[in-house]
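>
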Amino acid sequence: MARKKRRSRQFKKTSRVIDMEEARLQRQKRRQAAREEEEREKTASDERRLRRKRALRKRQSRRRLLIAAVITVLLILIVVSVVNIVMLKKEQREVKDKQEQLKSRQEQMKEDLKDISEDKNIEDKAREKLKLVKPGETIYIPDED
């Protein structure tokens, strides 16, 4: 009943004859236009949503790439540091071994110096290697026959 009242009010306001076919067509056109508008809005909102998703994915991929790059650089730095430490430890061991060898050689040379500095040893070396004799001594060389 409420519709009839509205229609009659509309009819009174416009005071024209309504063609039912024409009214039906207009209503269909309005409905079609409303559907198309809804579709456009839905499509636009879908596009906006897709753009947001793409932008979010792009930011996330950039972030992941940045994190991966930072991790890679850190790993490279760690590996280089470890290699340097290992090489330095090896070099340190070699230097300590060489130092020990030099200390033992130094001790041996000190003992040799003590032996050489004694008069008796000097005399023995001169007699053996240089074939020196004291004044008044005669050297006898036996035949090897």
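Everything in the sequence shown is counted per numbering that gives the first Met the number 0, starting at 0 for the first residue and increasing by one. We treat Cβ as the ideally placed atom computed from N, Cα and C, and that holds for glycine.
#1: Let me know the secondary structure DSSP gives L131 once reduced to three states.
#2: Using DSSP with H/G/I as helix, E/B as strand and the rest coil, what is D18?
#3: For D142, name the three-state secondary structure that DSSP assigns.
#4: Quick check on Q31: buried or exposed, where buried means 16 or more other Cβ atoms within 10 Å of its Cβ?
#5: Can you list, in chain order, the residues of its chain with a C-beta nearer than 8 Å to that of K130? Leave out the 5 residues immediately preceding and following it.
#6: Please classify K97: is it buried, with 16 or more other beta-carbons within 10 angstroms of its beta-carbon, or exposed?
#7: Rounded to a whole number of angstroms, what is the C-alpha to C-alpha distance between V132 and I140?
#8: Quick one: residues in its chain with C-beta nearer than 7 Å to the C-beta of K113, no 5 flanking neighbours on either side, listed in chain order?
Looking at the atomic coordinates:
#1: coil
#2: coil
#3: Note: D142 maps to coil in three-state DSSP.
#4: Looking at its Cβ environment, which holds fewer than 16 other Cβ atoms inside 10 Å, Q31 is exposed.
#5: I138
#6: exposed
#7: 13 Å
#8: For K113, where only same-chain residues beyond five positions count, there are no Cβ hits under 7 Å.
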